[in-house]
Ligand SMILES: [Zn+2]
């Protein structure tokens, strides 16, 4: 048996001092354990022991239409475990004209044998028809209990009537439907207006995707959920207006799960200006392209509203929407037209440290656990197999050393990108030991040899 001794266990009921023993990938015993000579002992003095962190929103090895993400499952999961994340839920995405089964097969193949953390898949439905509908049952049998639909991006989005049908079908199996809530057609038109005004640079990106376009979409999706009698899951909520729509829907009795991301809690839209806003609008200053993601970074007032929502317990999970592109060879594809800048930013490696640092003192460890592990596990149909330190649960364990001070640097990261949105930020705390299925996979920000990630079949029934 492996034993982690002297740590402080973080559980939904609070913190407790206890040892934790595990073997063959499962937690066997929690309490005061007396190691024998056959046991392997890890000392966690001064550290918090969490159920492994779960990132329920990642995009690895995906072609977004403009480019392939810089991280595949090898580098992406290496970065994940280095930062303390032991399980991701990535988005398998249906190609129009193709089946869900093909998409799942592709993502399975990409992840298998190279993933250092555990992985599960949401299924993004982009082509709704009788065949797709019939395949939902197969997906659920394969352990896919969360799906995604898009209201933005012409190559991905569904019409409202189709969204309603998806929601109705998924509700039959208590599967959850996530949605990228932004009004796509409206955004396309606003983008054209910016280009016509000579605004071809990164600073035009947030102008063309206003918070109203998110709020309207959240509102519409919530009403579709009500009409379908289905819970809804708003992914990467970014704005105060969007948050107000979540609240309004909840007041009406609609079940709304809300996810936000570290970037919307820490960064704001001043990042798009680069050194000179006018130059960034015209594309002469391109630094802002590093932050081109959708939805975009918002105003400081939005950041504050979302942080308050986190503190108030209104947010169910903090995930990354990790979707990385290199600055030097990929973001530059949109040098002359911000619409062609590959959308997305890296974050899979730094989420735990960003949250621990940014919310230190204002959130307790159990509250951070709820956002980083327990909440995602519950929402994604993995609890208590994951997201809990309980006898019988999987031995995915993150030992967090709160005393380590370090600085985020692109040159030191495992993510396969040449920048990070958080360059130079001082972090307090680091994942000291990260166990995936009972195997030590990373220590103090560095991955160890060994590929221990497995596919996680899930169920919300
Ligand atoms: Zn995403």
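Residue numbers (this note's numbering): 55 to 515. Where is the CB? At the ideal position from N, CA and C, for every residue including glycine. This structure is a prediction, so every number in the text was calculated from the model and none was measured.
Just grab the DSSP bridge partners of residue i for me.
| i | result |
| --- | --- |
| residue 55 | Paired residue(s): none; residue 55 is not in a bridge. |
| residue 262 | DSSP, once it has assigned bridges, lists no residue as partnering residue 262. |
| residue 234 | 204 |
| residue 147 | 178 |
| residue 426 | None; residue 426 has no bridge partner. |
| residue 500 | 497 |
| residue 142 | 109, 173 |
| residue 100 | The partner list for residue 100 (beta bridge, DSSP) is empty, contrary to what the question assumes. |
| residue 68 | 65 |
| residue 481 | 460 |
| residue 268 | None; residue 268 has no bridge partner. |
| residue 509 | 173 |
What would DSSP say about residue i, mapped onto helix, strand or coil?
| i | result |
| --- | --- |
| residue 327 | helix |
| residue 487 | strand |
| residue 172 | strand |
| residue 245 | helix |
| residue 192 | helix |
| residue 121 | coil |
| residue 45 | There is simply no residue 45 to check, as the chain begins at 55 and stops at 515 in what is shown. |
| residue 419 | helix |
| residue 341 | helix |
| residue 448 | strand |
| residue 135 | helix |
| residue 282 | helix |
| residue 386 | helix |
| residue 94 | strand |
| residue 399 | strand |
| residue 185 | helix |
| residue 548 | As shown, the chain starts at 55 and ends at 515. That puts residue 548 outside it, with no answer to give. |
| residue 128 | helix |
| residue 470 | coil |
| residue 250 | helix |
| residue 333 | helix |
| residue 439 | coil |
| residue 276 | helix |
List the whole-angstrom C-beta distance separating residue i from residue j, where the pair is believed to meet the contact cut-off of C-beta under 8 angstroms.
| i | j | result |
| --- | --- | --- |
| residue 320 | residue 412 | 6 angstroms |
| residue 62 | residue 443 | With a Cβ gap of about 11 angstroms, residue 62 and residue 443 do not count as contacting. |
| residue 75 | residue 56 | 7 angstroms |
| residue 344 | residue 394 | About 15 angstroms separates the two Cβ atoms, so there is no contact after all. |
| residue 127 | residue 110 | In fact, because the Cβ distance is near 16 angstroms, the residues do not count as touching under 8 angstroms. |
| residue 514 | residue 429 | In fact, because the Cβ distance is near 14 angstroms, the residues do not count as touching under 8 angstroms. |
| residue 369 | residue 285 | Not quite, the Cβ-Cβ distance comes to about 16 angstroms (not below 8 angstroms), so this is no contact. |
| residue 102 | residue 420 | Not confirmed; about 10 angstroms, so no contact. |
| residue 267 | residue 236 | 5 angstroms |
| residue 406 | residue 426 | 6 angstroms |
| residue 327 | residue 382 | Not confirmed; about 21 angstroms, so no contact. |
| residue 512 | residue 199 | 5 angstroms |
| residue 106 | residue 492 | With 8 angstroms as the limit, residue 106 and residue 492 do not qualify as a contact, their Cβ atoms being about 11 angstroms apart. |
| residue 509 | residue 495 | Actually they do not touch by this definition, with Cβ atoms about 16 angstroms apart. |
| residue 205 | residue 145 | That belief does not hold up - the Cβ atoms of residue 205 and residue 145 are roughly 15 angstroms apart, past 8 angstroms. |
Tell me which residue opens and which closes the beta strand (DSSP E) that residue i is part of.
| i | result |
| --- | --- |
| residue 406 | It is not in any beta strand (DSSP E) - residue 406 instead sits in the alpha helix (DSSP H) that spans 405 to 412. |
| residue 313 | 310 to 314 |
| residue 80 | 80 to 85 |
| residue 457 | 451 to 461 |
| residue 288 | 286 to 288 |
Can you tell me where the alpha helix (DSSP H) holding residue i begins and where it ends?
| i | result |
| --- | --- |
| residue 160 | 154 to 165 |
| residue 364 | 354 to 365 |
| residue 76 | Where residue 76 is concerned, there is no enclosing alpha helix (DSSP H), although the beta strand (DSSP E) it sits in stretches over 73 to 77. |
| residue 295 | 294 to 305 |
| residue 375 | That residue, residue 375, is in no alpha helix (DSSP H); it is neither H nor E in DSSP. |
| residue 226 | 214 to 226 |
Can we count residue i as close to ligand 1, meaning its CB is less than 7 angstroms from some heavy atom?
| i | result |
| --- | --- |
| residue 377 | yes |
| residue 259 | no |
| residue 176 | no |
| residue 290 | yes |
| residue 111 | yes |
Under the criterion of a Cβ to heavy atom distance below 7 angstroms, does residue i qualify as lining ligand 2?
| i | result |
| --- | --- |
| residue 138 | Absence of ligand 2 is noted for the structure shown, with ligand 1 being the only ligands found. |
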